[in-house]
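In what follows, a structure is listed as structure tokens, so that the remarks can point back to it.
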Amino acid sequence: TAPLNVLLIIVDDLRPSLGCYGDKLVRSPNIDQLASHSLLFQNAFAQQAVCAPSRVSFLTGRRPDTTRLYDFHSYWRVHAGNFSTIPQYFKENGYVTMSVGKVFHPGISSNYSDDSPYSWSIPPYHPSSEKYENAKVRMRDPASPSLVPLLKERQPGVFVCFSPKEFQKLYPLENMTLAPDPQVPAGLPSVAYNPWMDIRQREDVQALNLSVPYGPIPVDFQRKIRQSYFASVSYLDTQVGHLLSALDDFQLANSTIVAFVSDHGWALGEHGEWAKYSNFDVTTRVPLMFYVPGKTAPLPEAGEKLFPYIDPFDSVLELTEPGRQVTDLVELLSLSPTLSGLAGLQVPPRCPIPSFHVERCREGQSLVKHFRFQDLEEDPYFRG
Amino acid sequence: NPRESIAYSQYPRPADSPQWNSDKPSLKDIKVMGYSIRTIDYRYTVWVGFNPHDFLANFSDVHAGELYFVGSDPLQDHNMYNDSQGRDLPRSLMP
Numbered sequence: 009t010a011p012l013n014v015l016l017i018i019v020d021d022l023r024p025s026l027g028c029y030g031d032k033l034v035r036s037p038n039i040d041q042l043a044s045h046s047l048l049f050q051n052a053f054a055q056q057a058v059c060a061p062s063r064v065s066f067l068t069g070r071r072p073d074t075t076r077l078y079d080f081h082s083y084w085r086v087h088a089g090n091f092s093t094i095p096q097y098f099k100e101n102g103y104v105t106m107s108v109g110k111v112f113h114p115g116i117s118s119n120y121s122d123d124s125p126y127s128w129s130i131p132p133y134h135p136s137s138e139k140y141e142n143a144k145v146r147m148r149d150p151a152s153p154s155l156v157p158l159l160k161e162r163q164p165g166v167f168v169c170f171s172p173k174e175f176q177k178l179y180p181l182e183n184m185t186l187a188p189d190p191q192v193p194a195g196l197p198s199v200a201y202n203p204w205m206d207i208r209q210r211e212d213v214q215a216l217n218l219s220v221p222y223g224p225i226p227v228d229f230q231r232k233i234r235q236s237y238f239a240s241v242s243y244l245d246t247q248v249g250h251l252l253s254a255l256d257d258f259q260l261a262n263s264t265i266v267a268f269v270s271d272h273g274w275a276l277g278e279h280g281e282w283a284k285y286s287n288f289d290v291t292t293r294v295p296l297m298f299y300v301p302g303k304t305a306p307l308p309e310a311g312e313k314l315f316p317y318i319d320p321f322d323s324v325l326e327l328t329e330p331g332r333q334v335t336d337l338v339e340l341l342s343l344s345p346t347l348s349g350l351a352g353l354q355v356p357p358r359c360p361i362p363s364f365h366v367e368r369c370r371e372g373q374s375l376v377k378h379f380r381f382q383d384l385e386e387d388p389y390f391r392g
Numbered sequence: 019n020p021r022e023s024i025a026y027s028q029y030p031r032p033a034d035s036p037q038w039n040s041d042k043p044s045l046k047d048i049k050v051m052g053y054s055i056r057t058i059d060y061r062y063t064v065w066v067g068f069n070p071h072d073f074l075a076n077f078s079d080v081h082a083g084e085l086y087f088v089g090s091d092p093l094q095d096h097n098m099y100n101d102s103q104g105r106d107l108p109r110s111l112m113p
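Chains as they are written, first to last, in my numbering: chain C, 9 to 392; chain R, 19 to 113.
Now the structure itself:
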């Protein structure tokens with residue numbers, strides 16, 4: 009009957025290239041393990057495929073047309089309406105809320121404060137290595153430790169570091185596939201095309217002298233970009249593994265909801281596009297899963313580890329049993345009412361139109377109905 | 019209820035053709051907004067005129083459209099929008 013903790017893991021730029029989403033190439037054993045204990049949404053979509061608008065949208069539960077944030081240059085509370093956020097709602101309901109790393113997009117879009125103090129009980133924590141996020145690095149080598157003076161930084165219970173280059177070894181270039189449709193489709197309207205200008209500005213991409221806006225990237229270089237992306241995914245997986253393993257260590261796995269999401273997808277050569285910035289499914293489709301103790305998986309027994317760390321470098325990785333899955337289309341916008349409902353808080357009412365004057369309401373649906381499993385309800389162990 | 023299995027997305031553009039700020043246009047430069055609706059069967063997108071001063075999209079000012087059917091074209095490479103013109107989607111499915 010005690011309130012459940014909530015651990016919300018928000019990954020930047022992660023498309024569902026994960027084992028639990030059927031990807032045979034990518035090594036993501038720790039996220040797959042989380043999925044095996046979770047309810048996984050196969051068809052979840054972001055509302056706008058770029059960081060700040062997407063994050064503000066799902067953290068406030070409003071569409072970009074309501075937050076009026078389509079770029080990076082305004083703060084919704086001033087620019088659109090004083091909308092509440094997910095962490096703010098929990099904070100106002102007695103939770104201690106904490107932010108580590110990039111939850112809100114930094115800068116004016118979160119008032120240069122990660123929306124503190126509205127959303128957070130203590131000041132948000134940022135690793136000092138974050139300032140290297142946009143440091144001068146090559147496109148196909150975003151993970152070189154030699155470029156990062158501070159590889160690790162510790163805060164009690166927090167472990168953050170850059171993605172080491174060694175993870176590229178998991179993806180030999182000779183095994184690297186290309187996008188199945190690397191050409192710009194003939195019938196694609198020019199307005200729909202994303203010319204991936206930020207990628208073109210990377211030093212090593214500039215050296216390729218690509219024609220703008222449609223010039224394709226040479227095939228060998230495409231393989232290297234894909235190799236680096238997948239290496240980053242596996243690195244991220246180890247960080248998620250350490251984090252979830254800590255839940256076990258602190259015996260919190262039986263009292264913590266874990267939600268795992270990304271802010272949007274990423275094109276890896278599909279339709280001749282790279283990065284995000286479009287309406288294609290590859291840039292809007294995101295991983296979305298919820299672990300709810302005793303609901304999506306049995307409560308761990310005393311001493312049992314639900315999330316033991318798995319090393320993606322282990323030569324033989326056991327196949328993880330998939331967990332429960334939902335194929336219905338859902339929106340990232342649903343995160344806010346769903347977390348509220350799962351935690352036992354009152355789900356905010358649907359927003360009127362317009363809703364600029366309403367501090368707390370939801371434009372998305374609660375997904376809680378998907379967590380009613382008939383077989384579990386009939387299972388005396390789960391009922392207990 | 020068809021609205022229960024629909025996902026909407028949108029993306030702004032400064033112009034009809036790709037240019038240096040097409041990826042991340044500032045609000046003042048947004049001229050076109052692409053609104054998408056997705057179902058399990060298709061994605062339908064209309065790129066319409068957008069006024070950044072009053073934040074209003076003009077659905078009478080259609081710049082371009084996209085229509086992809088999941089069953090026959092899961093990767094979204096064959097835009098069927100021009101083949102579908104004159105056959106409006108049900109109004110209940112519009113954003």
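Backbone N, C-alpha and C fix where the C-beta goes; we use that ideal spot for every residue, glycine too.
Query, Result
"Assign TYR120/C to one of three DSSP states: helix, strand, or coil.", "coil"
"Just to confirm the assignment, what range does the beta strand (DSSP E) spanning SER78/R have?", "74-87"
"Could you check if ASP40/C is buried or exposed, using at least 16 other CB atoms within 10 Å of its CB as the buried criterion?", "buried"
"Are the beta-carbon atoms of PRO295/C and VAL266/C separated by less than 8 Å?", "no"
"Would you mind working out which of ILE207/C, LYS232/C, PRO226/C sits nearest LEU181/C, comparing C-alpha positions?", "LYS232/C"
"Please list, in chain order, the chain R residues whose beta carbon lies closer than 7 Å to that of SER286/C.", "TYR29"
"Using a beta-carbon distance cut-off of less than 9 Å, what residues from the segment 71-83 of chain R approach chain C?", "PHE73, ALA75, HIS81, ALA82, GLY83"
"Give the secondary structure of LEU276/C by DSSP, where H, G and I count as helix, E and B as strand, and everything else as coil.", "strand"
"Would you say VAL50/R lies against chain C (beta-carbon separation less than 8 Å)?", "yes"
"Name the one or two DSSP bridge partners that ILE265/C has.", "VAL14/C"
"Of all the residues that make up the segment 54-78 of chain C, which are near chain R by a beta-carbon distance shorter than 8 Å?", "ALA54, GLN55, GLN56, ALA57, VAL58, ARG71, PRO72, ASP73, ARG76, TYR78"
"Kindly say whether TYR60/R, judged by its beta-carbon, lies nearer than 8 Å to any beta-carbon of chain C.", "no"
"Is any non-hydrogen atom of the ligand HEM found closer than 7 Å to the C-beta of ASN100/R, if you look at the structure I gave you?", "In terms of ligand content, the structure shown is empty, and the ligand HEM therefore cannot be addressed."
"When the Cα atoms are used, what is the spatial distance from TYR97/C to LEU353/C?", "9 Å"
"ASN119/C to ARG370/C, Cα distance in whole Å?", "22 Å"
"Against chain C, with Cβ distances strictly below 8 Å, would ASN97/R count as a contact?", "yes"
"Starting from the C-beta of PHE87/R, find all residues in its chain whose C-beta is less than 6 Å away, skip the five residues before and the five after it, and write them out in chain order.", "TYR60"
"Just the C-alpha distance for LYS377/C and GLN37/R, rounded to the nearest angstrom, thanks.", "44 Å"
"Let me know if THR335/C comes out buried or exposed under the rule of 16 or more other beta-carbons within 10 Å of its beta-carbon.", "exposed"
"Looking at the secondary structure, which residues open and close the alpha helix (DSSP H) in which TYR222/C lies?", "Unbroken run through TYR222/C: none, as it is neither H nor E."
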